[in-house]
Each structure stands twice: as structure tokens, then as C-alpha cells.
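The next block holds one structure in the form of C-alpha cells; read it before the comments.
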Amino acid sequence: MTSDASWQNARLWRMRAAEIRAIADEMKEIEPKAIMLRIADDYDRLAEWAEKNSISWLDKKRLASNAHAH
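The numbers in the numbering used here rise by one with no breaks, and the one at position 41 of the sequence shown is 42.
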């Protein structure tokens with residue numbers, strides 16, 4: 002089960018991917034359109050990563066910081 006922060010991050014990346022694809026759909030030039038679609042794919046990969054991680058990056062950083070403090 003993932004943390005709320007991870008799910009929110011995943012949702013954010015998926016929303017950005019959808020926005021980028023909507024922009025790409027309007028583009029006429031082949032090369033810039035392909036670049037935009039690759040960026041959208043990268044956002045989807047970020048979302049998948051966020052979904053797979055049960056503790057958000059920030060939470061891991063806090064845990065590491067707390068471990069060093071003790």
C-alpha cells in the first residue's frame with residue numbers, strides 16, 4: 002500500500018502526462034510532437050515509480066535524517 006504522498010505524486014504525474022498529450026495532439030510538426038509524447042511517457046513512468054514506492058521520497062529523507070540525529 003502506498004502513502005498518500007506517493008498517490009498524490011502519481012496523480013500529479015498522470016495529470017501532467019495528459020496535459021502534455023493534449024498539447025501534442027494540437028501540434029502539426031512531427032519532431033516537436035514526438036518530443037512532447039516522449040515527455041508524457043516520462044511523466045507516466047514517474048507516476049508508476051510513485052505508485053510502486055510505499056514511502057514518498059520526502060518521507061524517506063525525513064527517516065534518514067531522523068536516523069542520523071539519534
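Positions of the beta carbon are idealized from the N, C-alpha and C atoms, including for glycine.
Among residues of its own chain, excluding the 5 on either side of residue 24, which ones have a beta-carbon nearer than 7 Å to its beta-carbon? 37
Since residue 53 is in the alpha helix (DSSP H), which residue starts that stretch and which ends it? 31-53
DSSP state of residue 28, grouped into three classes? coil
Measure the Cβ-Cβ separation of residue 44 and residue 17 and say whether it is below 8 Å. yes
Would you report the Cα separation of residue 20 and residue 31, rounded to the nearest angstrom? The alpha-carbon atoms of residue 20 and residue 31 are separated by roughly 18 Å.
Ordered along the chain, which non-local residues of its own chain (more than five positions away) have a Cβ less than 8 Å from that of residue 15? 44, 45, 48
Do residue 41 and residue 63 have their C-beta atoms within less than 8 Å of each other? no
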